[in-house]
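Engineer:
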Amino acid sequence: MTGRGLRAEDSDGSHGHGRDSAGRDSEGQASAGRDGAGRDGEGQVGENRASAGRDSEGQASVGRDGGGRDGGGAVSMRPLELRYRRVLRLLPASYRSIWADEMVATFMDGMLDGDPGRAAYLAEYGRPSWREVASVAGLAVRLRAGSSGGPARYVAWGRALRLAALIGLLVQSAIGLVTIGRTFWVAGLLPWRPRWPEGLTYGGLVTDPLSLFQTYSALFWVAAFVALVTGHRRTGQTLALLAPVGVILPLVVYGWIDPYTCYVLAAELVLAVLPLAFYRGAAPVRARRWLVALPVVVVAASAVLEFVERDFTVLPVLDTVGLICIAFVLAAAAYPVAIRLGWARPGPALPHALALLAPLPLGYQLVGLLRYDQQVGNPMAHRLTVAETVATAVAGIAVTVWTVRALRRLPVAADRATAWTTPS
Amino acid sequence: MAHQALTEPAFFILAALLDEPRHGYGIVGEVAELSSGRVRLKVGTLYGVLDRLVADQLIELDREEVAQGRLRRYFRLTDGGADALVAETERQAANVQAASERLRAWRPAGGERRASGGRPASAGGLA
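Which chain is which? The protein sequence lines are A and B, in order.
If you want my numbering, it's the position in the first sequence, counting the first as 1, plus 1.
If you want my numbering, it's the position in the second sequence, counting the first as 1, plus 314.
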């Protein structure tokens, strides 16, 4: 019989013992004794806390503590417990130092409850199931994304991830709407606009179904953004995860496996995953300012692009990625000024979010530069792209350094009386 | 104060703590029993939900014990937790009542389905 089979049986058979903790304790003691995990039971909570503190430092001390507590002194921890403690190392150390021992106890009780022979086998050869590992991994992600009551550093990470998600969705939505607006313009559906210049090629002119799908799939980003800021967390997350289909489908159908397309896909996947930082119970978004920001950004981006394109010789110079780079540099530069003027609250969220997002426009530019080189393109466009890339890199490094310094000042231990802290 | 709808694990954990404080594995067993074995909490899930419930002040630490060399923390329901459980139970009961009324209209006691809006009963039946 395999360990997996035993685990399944154990899991299935564990319910009948659920009600009476005293009864379970005695059963657990019997099996634990057989397993060599100890018999003489009752210790002091204070001692246990001390051992819990050491627990976070490493498995060797855990083994020593476990053996000592459980009565043998020289009795080492069973392999199953060691394996589970290894999984628990996914959790932040400060959380682990308080909760690891109890999580181990709960896990071991569940695994070793029941037939003594099976329990002995599991204690030696059993492994945490992938569902157990997944549940610990999920907890680790949520704790690091700033679960309520967590240490200030993790709370800051959570805020930054959610802000980065919103900024990313805002930018993707704005790009999508600007592009769709241009397809309308090209098609003559905007009567108040002058006619689109003859002979000026534009991506939106293509009419094959897949390219149109790619263009209009940007509405996934828009819908995800609106859903997320209006509090429809699950809907927003789902729509964001669907949004990269606009890149994936043409890639699959046409086999566009070039570096640029692959990079675009990778970047979109990052942006699609970021909204998962909006876990249940996360601080609500200030919807109004984000809902106002979207049309403002769309109108501003359209106006800038149109202004630049009046002289068609500079058309390749400032594309949407270039615009994003310039906006990124301006945001990074404006932040310290805004704090000094009292227009923004000092805190690591915005620079941290910008630091998280910096690789995306930077990567676009670098991959784009490769294409310019291959195409021996417009030298002026090339020089300006290099300048944008360097400026984005410098701004990215600046916000990253600022963020690292700010995060180091924040404690990794909780300062509020919640489950994260020692609950007594 | 209107309570946010509870997730299923949170709902069962609060229900499991109604009669007495319980430790982690006690909660796991009680939740499995309350849900007829349908909800089997994994340890990471359990402590994630406990973390949130403590932060929301729906449960709190009752006591700590060491048994068989293992630390056990017992949690108890707070008044706020009991209120949240009552509110959630009422919400679910209202849902059940609304759906039951629709079901009775859809399939009356006589056995014949009553189609609404002139649509043939067979067209929208459950597969």
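All C-beta atoms in this analysis are idealised placements derived from N, C-alpha and C, irrespective of residue type, glycine included.
Assuming residue 330(B) and residue 341(B) form a contact by the criterion Cβ under 8 Å, report the distance between their Cβ atoms to the nearest whole angstrom.
Structural biologist: Numbered from 1 along the second sequence, position 16 holds the residue referred to as residue 330(B). Numbered from 1 along the second sequence, position 27 holds the residue referred to as residue 341(B). So it is a contact: roughly 5 Å between Cβ atoms.
Engineer: Anything in the segment 119 to 138 of chain A with a Cβ closer than 9 Å to a Cβ of chain B? List those residues in chain order, please.
Structural biologist: Per Cβ criterion, the list reads 129, 130, 132, 133, 134, 135, 136, 137, 138.
Engineer: Assuming residue 225(A) and residue 276(A) are in contact, meaning their beta carbons sit under 8 Å apart, how far apart are those beta carbons, in whole angstroms?
Structural biologist: The sequence position of residue 225(A) within the first sequence is 224, counting from 1. The sequence position of residue 276(A) within the first sequence is 275, counting from 1. So it is a contact: roughly 7 Å between Cβ atoms.
Engineer: Taking the alpha carbon of residue 397(A) as the point to measure from, which residue in 359(A), 384(A), 235(A) has its own alpha carbon closest?
Structural biologist: Looking up residue 397(A) in the first sequence gives position 396. The candidate whose alpha carbon is nearest that of residue 397(A) is 359(A).
Engineer: Can you pull the chain A neighbours of residue 332(B), defined as C-beta to C-beta under 9 Å?
Structural biologist: For the purposes of this step, residue 332(B) is identified with residue 18 of the second sequence, where counting begins at 1. Those do not exist, as residue 332(B) stays about 13 Å from chain A at its closest Cβ, beyond 9 Å.
Engineer: Could you give the distance in angstroms between the alpha-carbon of residue 412(A) and the alpha-carbon of residue 99(A)?
Structural biologist: Locating residue 412(A) in the first sequence gives position 411, counting from the first residue. Locating residue 99(A) in the first sequence gives position 98, counting from the first residue. One C-alpha to the other measures close to 16 Å.
Engineer: At which residues does the beta strand (DSSP E) containing residue 391(B) begin and terminate?
Structural biologist: Translated into positions along the second sequence, residue 391(B) becomes position 77. It spans 384 to 391 - the beta strand (DSSP E) in which residue 391(B) sits, taken as one unbroken run.
Engineer: Can a CB atom of chain A be found closer than 8 Å to the CB of residue 395(B)?
Structural biologist: If you number the second sequence from 1, residue 395(B) lands on position 81. Answer no: the Cβ-Cβ gap between residue 395(B) and chain A never drops below 8 Å.
Engineer: For residue 181(A), which residues from the same chain have a beta carbon less than 7 Å from its beta carbon, with the 5 sequence-adjacent residues on both sides left out?
Structural biologist: Here residue 181(A) is taken as the residue at index 180 of the first sequence, counted from 1. 216, 217, 219.
Engineer: Whose C-beta lies closer than 7 Å to the C-beta of residue 326(B) among residues of the same chain, with five residues either side of it excluded?
Structural biologist: As a working note, residue 326(B) is residue 12 in the second sequence. If we look at residue 326(B) and ignore the five residues flanking it on each side, its Cβ neighbours are 345, 348, 349, 353.
Engineer: Hey, does residue 359(B) have any beta-carbon neighbour from chain A nearer than 8 Å?
Structural biologist: Here the question's residue 359(B) lines up with position 45 in the second sequence. Output row for residue 359(B): interface = yes.
Engineer: Taking residue 391(B) as the reference, which of 367(B), 351(B), 413(B), 401(B) has the closest Cα?
Structural biologist: In the second sequence, residue 391(B) corresponds to position 77, counting from 1. That would be 367(B), whose Cα lies nearest to the Cα of residue 391(B).
Engineer: Would you say residue 116(A) lies against chain B (beta-carbon separation less than 8 Å)?
Structural biologist: Within the first sequence, the letter at position 115 stands for residue 116(A). So, not an interface residue.
Engineer: Span of the alpha helix (DSSP H) holding residue 340(A)?
Structural biologist: Walking along the first sequence from the start, residue 340(A) turns up at place 339. Unbroken alpha helix (DSSP H) run through residue 340(A): 321 to 341.
Engineer: Please tell me whether residue 408(A) and residue 145(A) are closer than 8 Å, where the distance is taken between their beta carbons.
Structural biologist: As a first step, residue 408(A) must be located in the first sequence, where it is residue number 407. As a first step, residue 145(A) must be located in the first sequence, where it is residue number 144. Cβ distance not < 8 Å, so residue 408(A) and residue 145(A) don't count as in contact.
Engineer: Tell me which residues share the same chain as residue 371(B) and place their Cβ nearer than 7 Å to its Cβ, disregarding the 5 neighbours each side in the sequence.
Structural biologist: Within the second sequence, residue 371(B) is the residue found at index 57, counting from 1. Same-chain partners within the cutoff: 392, 394.
Engineer: Within the same chain, show all residues whose beta-carbon is closer than 8 Å to that of residue 246(A), passing over the 5 residues directly before and after it, in chain order.
Structural biologist: Taking the first sequence and counting its residues from 1, the one referred to as residue 246(A) is at position 245. Excluding positions up to five away in sequence, the list reads 218, 221.
Engineer: Does the distance from the CB of residue 91(A) to the CB of residue 137(A) come in under 8 Å?
Structural biologist: Start at 1 with the first residue of the first sequence, and residue 91(A) comes out as number 90. Start at 1 with the first residue of the first sequence, and residue 137(A) comes out as number 136. Yes; because the gap between Cβ atoms is below 8 Å, this pair is in contact.
Engineer: Could you please give the first and the last residue of the uninterrupted alpha helix (DSSP H) stretch that includes residue 380(B)?
Structural biologist: On the second sequence, residue 380(B) is found 66 positions in, with the first residue counted as 1. Run containing residue 380(B): none in the alpha helix (DSSP H); it sits in the beta strand (DSSP E), 373 to 381.
Engineer: When you compare the segment 164 to 175 of chain A with the segment 377 to 389 of chain B, are there three or more beta-carbon pairs, one atom per stretch, that lie closer than 8 Å?
Structural biologist: At 8 Å Cβ cutoff, the stretches do not touch.
Engineer: Less than 8 Å between C-beta atoms, sequence neighbours within five positions excluded: which residues of the same chain meet that for residue 370(A)?
Structural biologist: For the purposes of this step, residue 370(A) is taken as the residue at position 369 of the first sequence. Answer for residue 370(A): 383, 386, 387, 390, listed in chain order.
Engineer: Can you tell me whether DSSP reads residue 336(B) as helix, strand or coil?
Structural biologist: What you label residue 336(B) is simply residue 22 of the second sequence in a count that begins at 1. Residue state, collapsed to three classes: strand.
Engineer: Comparing C-alpha positions only, which one of 96(A), 101(A), 95(A), 94(A) sits nearest to residue 82(A)?
Structural biologist: In the first sequence, residue 82(A) corresponds to position 81, counting from 1. Per the Cα distances, 101(A).
Engineer: Mind reading off the beta-carbon distance from residue 362(A) to residue 403(A)? Whole number of angstroms is fine, and I expect it under 8 Å.
Structural biologist: If you number the first sequence from 1, residue 362(A) lands on position 361. If you number the first sequence from 1, residue 403(A) lands on position 402. Incorrect: roughly 18 Å between the Cβ atoms, too far for contact.
Engineer: For a contact defined as C-beta to C-beta under 9 Å, what are the partners of residue 353(B) on chain A?
Structural biologist: If you number the second sequence from 1, residue 353(B) lands on position 39. Simply none; closest approach about 11 Å.
Engineer: Label residue 192(A) either buried or exposed according to how many other C-beta atoms from any shown protein chain fall within 10 Å of its C-beta, with 16 as the threshold for buried.
Structural biologist: As a first step, residue 192(A) is located in the first sequence; it is residue number 191 there, counting from the start. When all chains shown are included, residue 192(A) counts as exposed.
Engineer: Could you give the first and the last residue of the continuous alpha helix (DSSP H) run that contains residue 353(B)?
Structural biologist: Residue numbering aside, residue 353(B) sits at position 39 when the second sequence is read from its first letter. Element bounds for residue 353(B): n/a, residue is neither H nor E.
Engineer: Where does the unbroken alpha helix (DSSP H) through residue 273(A) begin, and where does it stop?
Structural biologist: Here residue 273(A) corresponds to residue number 272 of the first sequence, with the count starting at 1. Note, residue 273(A): alpha helix (DSSP H), 260 to 274.
Engineer: Run the CB neighbour count on residue 254(A), radius 10 Å, all protein chains shown included, and call it buried at 16 or more, exposed below.
Structural biologist: Residue mapping note: residue 254(A) aligns to position 253 of the first sequence, counting from 1. When all chains shown are included, residue 254(A) counts as exposed.
Engineer: May I ask you to report which of helix, strand or coil DSSP gives residue 457(A)?
Structural biologist: Residue numbering for chain A in the displayed model covers 2 to 425; residue 457(A) lies beyond these limits and cannot be assessed.
Engineer: From residue 131(A) to residue 111(A), what does the alpha carbon distance come to, in whole angstroms?
Structural biologist: Looking up residue 131(A) in the first sequence gives position 130. Looking up residue 111(A) in the first sequence gives position 110. So the alpha carbons of these two residues sit roughly 15 Å apart.
Engineer: Let me confirm a value: residue 324(A) is counted as buried when at least 16 other C-beta atoms fall within 10 Å, else exposed. Which label applies?
Structural biologist: For the purposes of this step, residue 324(A) is taken as the residue at position 323 of the first sequence. Residue 324(A) is buried by the Cβ-count criterion.
Engineer: Using a Cβ cut-off of 8 Å (strictly closer), state whether residue 107(A) contacts chain B.
Structural biologist: By one-based count along the first sequence, residue 107(A) stands at place 106. Output row for residue 107(A): interface = yes.
Engineer: Going by beta carbon distance, what residues of the same chain come within less than 6 Å of residue 248(A), once the five residues before and after it are set aside?
Structural biologist: Translated into the one-based positions of the first sequence, residue 248(A) becomes position 247. Taken in chain order, the residues that qualify are 265, 266, 269.
Engineer: With 7 Å as the C-beta to C-beta threshold (strictly closer), list the residues of the segment 365 to 387 of chain B near chain A in chain order.
Structural biologist: The segment 365 to 387 of chain B vs chain A, Cβ under 7 Å: 365, 366, 368, 369, 375, 378, 380, 381, 382, 383, 384, 385, 386, 387.
Engineer: Can you find a CB in chain B that lies within less than 8 Å of the CB of residue 140(A)?
Structural biologist: Reading the first sequence from its first residue, position 139 is the one you call residue 140(A). For residue 140(A), the answer is yes, since a Cβ of chain B falls inside 8 Å of its Cβ.
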